[in-house]
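Visitor: My questions will all concern the structure given below.
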Amino acid sequence: MATHAQTRSIYPISHLALENPSRRNLKRLFLLRSVMIAFMLSATMALFYLHIPLPKLPIALAVGGMLLINLMTMLRLQKHSNVNDIELLLQLLGDLAALTMLFYYTGGYSNPLVWMYLLPLTVAAVALKREHAWLLTAIAVACYSTLVFYYVPLSHLHMHDLAGQTLDIHLVGMWLGFVVSAGIIAFFITRIGQSLRDYDRVLASIREKSLESERMLALGTLATSAAHELGTPLATMAVISKELAHDLASQPEQLQQLDIMVRQILRCKEILSSITRDAGKGRADAGHGMALREYLQEAIQRWRDTRPATELVITLSENIDNPLIFTDKTLTQALQNLLDNAADASPERILLDAEWDETVLKINIRDFGAGITEDVAKHLGKPFFTSKSEKGMGLGVYLTHTTLARYEGELNLSNHVDGGVLTTVTLPLKKLKVSQ
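For the sequence shown, the working numbering assigns the number 1 to the initial residue and increments by one for each residue that follows.
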């Protein structure tokens with residue numbers, strides 16, 4: 001495979017799915033609550049092992065309540081896609097209620113697990129709007145403050161023999177609580193923070209796509225205006241060409257050159273007519289279904305008619321699979337734009353190679369020109385940028401890129417190792433095939 005000295009890839013704006021942020025946060029709350037339940041059960045079993053008397057019914061009610069909330073959450077996530085902030089707030093309030101019951105019967109504010117109040121508050125601070133987060137914070141502070149004065153003392157929670165050493169279980173619980181809470185907060189907050197950054201990137205992509213659409217709308221308006229204004233001079237040129245053909249009837253060489261000019265005028269008139277005729281039509285109206293091989297041959301021949309002086313050497317895949325595709329004229333024009341650019345850089349000869357399988361179409365166009373400089377590579381794909389000194393509006397690559405983006409295609413331009421530019425178009429066939 002050939003290597004490339006310099007590459008410029010132009011990717012379409014990806015279509016990113018925006019999941020409901022509250023739903024995503026509810027999933028993480030489900031995982032967080034599962035960790036809290038597992039930790040509370042583990043701590044309870046450890047205290048039973050140390051023969052520390054615990055009130056079984058309140059613990060069962062508190063843990064069972066959180067398990068019930070988690071079960072409801074799991075069913076909710078499976079059956080429904082829309083989750084709002086109020087639902088998230090109610091679930092966090094349920095967690096605070098369960099924790100408060102647990103702490104009331106197990107030592108109140110002296111319980112070493114009282115740090116678990118911070119976990120729902122952490123989720124609320126990140127996932128809820130400011131008013132709801134502060135409401136949840138006020139309720140948590142009120143519950144904690146109440147436990148300072150009202151609680152059921154938990155006896156025998158201090159000196160015990162652990163691993164041959166006498167340790168204060170309360171202090172061990174505080175240490176273990178800090179370790180677990182630090183790990184939980186680091187894990188979940190980094191995940192939530194990453195989701196927020198991803199969400200910001202999605203919004204930035206949407207804004208960029210919106211600006212791209214505005215630019216395309218402006219270009220479409222200008223194209224329609226140009227079609228209207230250029231109609232008269234083209235008609236005048238057509239009339240004069242007919243008169244010249246009559247005058248040059250005895251001069252075959254000049255008549256042949258005039259014939260080329262006449263065909264170019266007719267091509268211009270056809271392009272201008274298609275702008276107003278096909279504008280706004282979808283593929284179902286403006287497009288037509290045809291076999292992929294025949295489509296490529298037709299597009300290539302159409303281009304050859306406009307650039308007869310440039311030799312185009314084509315190689316089409318020998319794949320027996322010849323799927324029926326559905327395109328519109330914009331895709332044909334995009335391919336012709338790339339062929340025009342190659343012919344401008346290499347007027348004598350260019351190469352085209354097309355191959356495909358069941359999933360993707362890949363087209364390589366190679367010219368034998370001077371290649372892409374570093375400065376040109378930085379600006380490729382931007383509207384109104386051109387590297388052609390004498391002609392060019394700087395829209396060919398930009399419009400091609402925009403058209404390929406509609407089909408989730410990719411455009412890549414690189415310097416070929418043997419000189420010239422290699423242009424590669426990659427198109428997923430799922431976007432081109434006719435629905436059966």
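Idealized CB from N, CA, C, for every residue including glycine.
Can you check which of these residues, 412, 407 and 408, is closest to residue 397 by C-alpha distance?
Guide: On the sequence shown, residue 397 is found 397 positions in, with the first residue counted as 1. Among 412, 407 and 408, the Cα nearest to that of residue 397 is on 412.
Visitor: Use the C-beta contact count for residue 22: other C-beta atoms within 10 angstroms, 16 or more gives buried, fewer gives exposed.
Guide: Reading the sequence shown from its first residue, position 22 is the one you call residue 22. By the neighbour-count criterion, in which 16 or more other beta carbons inside 10 Å mark a residue as buried, residue 22 falls on the buried side.
Visitor: Need the endpoints of the beta strand (DSSP E) that residue 415 sits in, please.
Guide: Position 415 of the sequence shown holds residue 415. It spans 410 to 416 - the beta strand (DSSP E) in which residue 415 sits, taken as one unbroken run.
Visitor: Which two residues bound the contiguous beta strand (DSSP E) that contains residue 327?
Guide: Residue numbering aside, residue 327 sits at position 327 when the sequence shown is read from its first letter. 324 to 327 is the span of the beta strand (DSSP E), which, as asked, contains residue 327.
Visitor: Within 10 angstroms of the Cβ of residue 111, are there 16 or more other Cβ atoms? Answer buried if so, exposed if not.
Guide: Position 111 of the sequence shown, counting from 1, holds the residue named residue 111. Buried, because 16 or more other Cβ atoms sit within 10 Å of the Cβ of residue 111.
Visitor: Use the C-beta contact count for residue 40: other C-beta atoms within 10 angstroms, 16 or more gives buried, fewer gives exposed.
Guide: Mapped onto the sequence shown, residue 40 falls at position 40. That one is buried.
Visitor: Give the straight-line distance between the Cα atoms of residue 441 and residue 42, rounded to the nearest whole angstrom.
Guide: What the structure shows of the chain is the stretch from 1 to 436, and residue 441 is not part of that stretch, so it cannot be assessed.
Visitor: Across which residues does DSSP place residue 428 in a beta bridge pair?
Guide: Position 428 of the sequence shown holds residue 428. Its beta-bridge partners are 360.
Visitor: Do you know offhand how far residue 447's Cα is from residue 266's?
Guide: With the chain covering 1 to 436 only, the question about residue 447 has no answer from this structure.
Visitor: Is the segment 130 to 148 in contact with the segment 87 to 107, if contact means three or more CB pairs nearer than 8 Å?
Guide: Flag = yes, the segment 130 to 148 and the segment 87 to 107 touch.
Visitor: Count Cβ pairs between the segment 291 to 299 and the segment 318 to 336 that sit closer than 8 Å; are there 3 or more?
Guide: These segments touch.
Visitor: Thinking residue 72 and residue 37 are a contact (beta carbons under 8 Å), I'd like their distance in whole angstroms, please.
Guide: Sequence index remark: in the sequence shown, residue 72 carries index 72 (1-based). Sequence index remark: in the sequence shown, residue 37 carries index 37 (1-based). That pair is no contact at about 14 Å.
Visitor: CB-CB under 6 Å to residue 109, same chain, minus the five flanking residues each way: which ones, in chain order?
Guide: As a first step, residue 109 must be located in the sequence shown, where it is residue number 109. Contacts found: 147 and 148.
Visitor: When we look at the beta-carbon of residue 120 and count the other beta-carbons within 10 Å, is it buried (16 or more) or exposed?
Guide: Within the sequence shown, residue 120 is the residue found at index 120, counting from 1. It counts as buried.
Visitor: Could you pull the DSSP bridge partners for residue 314 from this structure?
Guide: Translated into positions along the sequence shown, residue 314 becomes position 314. Bridge partners of residue 314: 352.
Visitor: Return helix, strand or coil for residue 179, following the three-state DSSP convention.
Guide: Along the sequence shown, one-based indexing puts residue 179 at 179. Three-state DSSP puts residue 179 in a helix.
Visitor: Identify which residue in 332, 257 and 125 has its Cα closest to the Cα of residue 193.
Guide: Reading the sequence shown from its first residue, position 193 is the one you call residue 193. Comparing Cα positions, the closest option is 125.
Visitor: Using 8 Å for Cβ pairs, my map puts residue 352 next to residue 314. What's the rounded Cβ distance?
Guide: For the purposes of this step, residue 352 is identified with residue 352 of the sequence shown, where counting begins at 1. For the purposes of this step, residue 314 is identified with residue 314 of the sequence shown, where counting begins at 1. Rounded, the Cβ-Cβ distance is 5 Å, consistent with contact.
Visitor: In chain order, what residues of the same chain have a beta carbon less than 8 Å from the beta carbon of residue 348, not counting five sequence neighbours either side?
Guide: As a working mapping, residue 348 is identified with position 348 in the sequence shown. Closer than 8 Å at Cβ, skipping near neighbours: 310, 311 and 368.
Visitor: Using the Cα positions of residue 362 and residue 181, report the straight-line distance between them to the nearest angstrom.
Guide: Here residue 362 corresponds to residue number 362 of the sequence shown, with the count starting at 1. Here residue 181 corresponds to residue number 181 of the sequence shown, with the count starting at 1. Roughly 52 Å separates the two Cα atoms.
Visitor: Find the nearest neighbour of residue 188 within the set 29, 79, 258 and 240, judged by alpha-carbon distance.
Guide: Here residue 188 refers to the residue found at position 188 of the sequence shown. The shortest C-alpha separation from residue 188 is found at 29.
Visitor: If we ignore side chains and look at the alpha-carbon of each, how far apart do residue 86 and residue 34 end up?
Guide: Position 86 of the sequence shown, counted from the start, is the residue given in the question as residue 86. Position 34 of the sequence shown, counted from the start, is the residue given in the question as residue 34. Straight across, the Cα-Cα distance linking residue 86 with residue 34 is about 21 Å.
Visitor: In whole angstroms, what separates the C-alpha of residue 202 from that of residue 243?
Guide: Here residue 202 refers to the residue found at position 202 of the sequence shown. Here residue 243 refers to the residue found at position 243 of the sequence shown. When rounded, the distance between both Cα atoms is 59 Å.
Visitor: Within the present structure, is the beta-carbon of residue 29 separated from the nearest heavy atom of the ligand ADP by less than 7 Å?
Guide: In the structure on display, the ligand ADP does not appear, and there are no ligands present to speak of.
Visitor: Is the distance from the Cβ of residue 24 to the Cβ of residue 195 below 8 Å?
Guide: Position 24 of the sequence shown, counted from the start, is the residue given in the question as residue 24. Position 195 of the sequence shown, counted from the start, is the residue given in the question as residue 195. For residue 24 and residue 195, yes; Cβs fall inside 8 Å.
Visitor: Closest by CA to residue 113, which one among 74, 154 and 343?
Guide: Within the sequence shown, numbered from 1, the residue matching residue 113 stands at position 113. Among 74, 154 and 343, the Cα nearest to that of residue 113 belongs to 154.
Visitor: Give the straight-line distance between the Cα atoms of residue 505 and residue 306, rounded to the nearest whole angstrom.
Guide: Nothing about residue 505 can be reported from this structure: the residues present for the chain run from 1 to 436 only.
Visitor: Assuming residue 404 and residue 425 are in contact, meaning their beta carbons sit under 8 Å apart, how far apart are those beta carbons, in whole angstroms?
Guide: Start at 1 with the first residue of the sequence shown, and residue 404 comes out as number 404. Start at 1 with the first residue of the sequence shown, and residue 425 comes out as number 425. With 8 Å as the limit, residue 404 and residue 425 qualify as a contact, their Cβ atoms being about 7 Å apart.
Visitor: What do you get for residue 430, buried or exposed, if any count of 16 or more other CB atoms within 10 angstroms of its CB means buried?
Guide: What you label residue 430 is simply residue 430 of the sequence shown in a count that begins at 1. So residue 430 counts as exposed.
Visitor: In chain order, what are the residue ranges of uninterrupted alpha helix (DSSP H) at least 4 long that sit wholly in the segment 40 to 121?
Guide: Whole alpha helix (DSSP H) segments, 4+ residues: 56 to 79 and 85 to 104.
Visitor: Where residue 286 and residue 273 are concerned, what is the direct C-alpha to C-alpha distance, given to the nearest angstrom?
Guide: Within the sequence shown, numbered from 1, the residue matching residue 286 stands at position 286. Within the sequence shown, numbered from 1, the residue matching residue 273 stands at position 273. With a pLDDT of only 46 at residue 286, under 50, the local geometry of the prediction cannot be trusted, and no value is derived from it.
Visitor: Which same chain residues, not among the five before or five after residue 254, have their C-beta less than 8 Å away from its C-beta?
Guide: The count along the sequence shown starts at 1 and reaches residue 254 at position 254. For residue 254, where only same-chain residues beyond five positions count, the Cβ hits under 8 Å are 248.
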